[in-house]
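**Q** Have a look at this one.
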Amino acid sequence: YGDHRDLHSFPTRRSSDLGIALVFLIRPALAESPNSLSVGGRYHTENTVFTDLPYGNADLSYGLAYTFAEEHVGLKLGADFAPDVSGTRDAPHTNKTDYVITPQADIIIKDGIFRGGVGILTSYIRDDKGEGDWLSLYWQMMLGLCIPLGKNFSVEGNMYYVLESWDKIVNFRPKEIEYGLWLNYNF
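See the structure below:
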């Protein structure tokens with residue numbers, strides 16, 4: 001009888017390991033939802049190819065975004081605000097930059113915790129003289145990870161590479177990669 005009872009005693013080491021494994025496998029699925037609101041920040045670098053962008057190294061912008069996703073594809077609509085910009089622009093825009101607002105639309109491809117995609121952006125750049133102008137549309141590529149924090153929250157870290165146009169991809173410079181961190185509320 002002793003051996004037979006040992007086979008049916010719970011919890012066993014194997015069942016508790018299985019339970020822990022299931023928690024880690026199910027947890028990412030719990031954080032996935034079709035909608036999310038996000039708040040985040042972005043670390044900018046000086047772009048030597050796309051010189052209309054006024055960012056210097058270590059400039060920060062703060063963003064808000066809404067994402068709607070289905071299965072593995074999502075649309076993220078958002079805007080960044082950079083209040084203190086240290087870089088300069090090419091002539092005729094040589095005044096000091098006061099702030100930059102960047103609306104954007106990104107197509108996101110999701111696979112588990114991995115993220116990738118492309119986005120289209122424009123920026124409104126206002127200088128210290130009170131004059132402002134909009135840049136022509138430009139592009140970004142992104143790669144990142146999204147780590148769930150329970151059922152309704154997740155943290156997303158991304159790398160971005162900004163392009164004035166797709167033919168400029170041949171001028172890729174790793175030092176011009178930008179970084180972003182987002183806190184997402186999923187609902």
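The sequence shown begins at 1 in the numbering used here and counts up one residue at a time. We put the beta carbon where it would ideally sit given N, CA and C, even for glycine.
For the 8 Å Cβ check, are there 3 or more pairs between the region 108–119 and the region 83–92?
**A** As far as the Cβ criterion goes, the region 108–119 does not touch the region 83–92, which means the pair count is below three.
**Q** Apart from the five residues on each side of it in sequence, which residues of its chain come closer than 7 Å, Cβ to Cβ, to residue 126?
**A** Against the sequence shown, residue 126 aligns to sequence position 126. Excluding positions up to five away in sequence, the list reads 98, 99 and 132.
**Q** Is the beta carbon of residue 102 sitting closer than 8 Å to the one on residue 80?
**A** By 1-based counting over the sequence shown, the position of residue 102 is 102. By 1-based counting over the sequence shown, the position of residue 80 is 80. Yes, Cβ-Cβ distance for residue 102 and residue 80 is below 8 Å.
**Q** Whole angstroms are fine: how far does the CA of residue 34 sit from the CA of residue 143?
**A** The residue labelled residue 143 in the question sits at position 143 within the sequence shown. The residue labelled residue 34 in the question sits at position 34 within the sequence shown. Approximately 20 Å between the Cα atoms of the pair.
**Q** Per DSSP, which one or two residues make a beta bridge with residue 127?
**A** Against the sequence shown, residue 127 aligns to sequence position 127. 97, per the DSSP bridge assignment.
**Q** Given that a residue counts as buried once 16 or more other Cβ atoms are within 10 Å of its Cβ, and exposed if not, what is residue 42?
**A** Along the sequence shown, read from residue 1 onward, the residue named residue 42 stands at position 42. Per the 10 Å Cβ criterion, buried.
**Q** Using the Cα positions of residue 183 and residue 139, report the straight-line distance between them to the nearest angstrom.
**A** As a position in the sequence shown, residue 183 is number 183, starting the count at 1. As a position in the sequence shown, residue 139 is number 139, starting the count at 1. Taking the straight line from one Cα to the other gives about 23 Å.
**Q** Let me know the secondary structure DSSP gives residue 174 once reduced to three states.
**A** Counting from 1 along the sequence shown, the entry for residue 174 is found at position 174. Helix, per DSSP.
**Q** Return helix, strand or coil for residue 120, following the three-state DSSP convention.
**A** The count along the sequence shown starts at 1 and reaches residue 120 at position 120. Note: residue 120 maps to strand in three-state DSSP.
**Q** Tell me which same chain residues have a C-beta within less than 6 Å of the C-beta of residue 158, skipping the five on either side of it?
**A** In the sequence shown, residue 158 corresponds to position 158, counting from 1. Answer for residue 158: 142, 144 and 180, listed in chain order.
**Q** If you run the structure through DSSP and keep just helix, strand and coil, what is residue 151?
**A** Locating residue 151 in the sequence shown gives position 151, where the first residue counts as 1. If DSSP states are grouped into helix, strand and coil, residue 151 belongs with coil.
**Q** List the DSSP bridge partners of residue 70.
**A** In the sequence shown, the residue the question calls residue 70 occupies position 70. 73, per the DSSP bridge assignment.
**Q** Considering only residues of the same chain and omitting the five flanking positions on each side of residue 53, which have a CB-CB separation below 6 Å?
**A** For the purposes of this step, residue 53 is identified with residue 53 of the sequence shown, where counting begins at 1. Within the same chain, residue 53 has close Cβ partners 47.
**Q** List the endpoints of the continuous beta strand (DSSP E) containing residue 166.
**A** Working through the sequence shown from its first residue, we reach residue 166 at position 166. Neither: residue 166 is in no beta strand (DSSP E) and is coded neither H nor E.
**Q** Grab me the residues of residue 171's own chain with a C-beta within less than 8 Å of its C-beta, minus the 5 sequence neighbours each way, in chain order.
**A** Taking the first residue of the sequence shown as 1, we reach residue 171 at position 171. Answer for residue 171: 49, listed in chain order.
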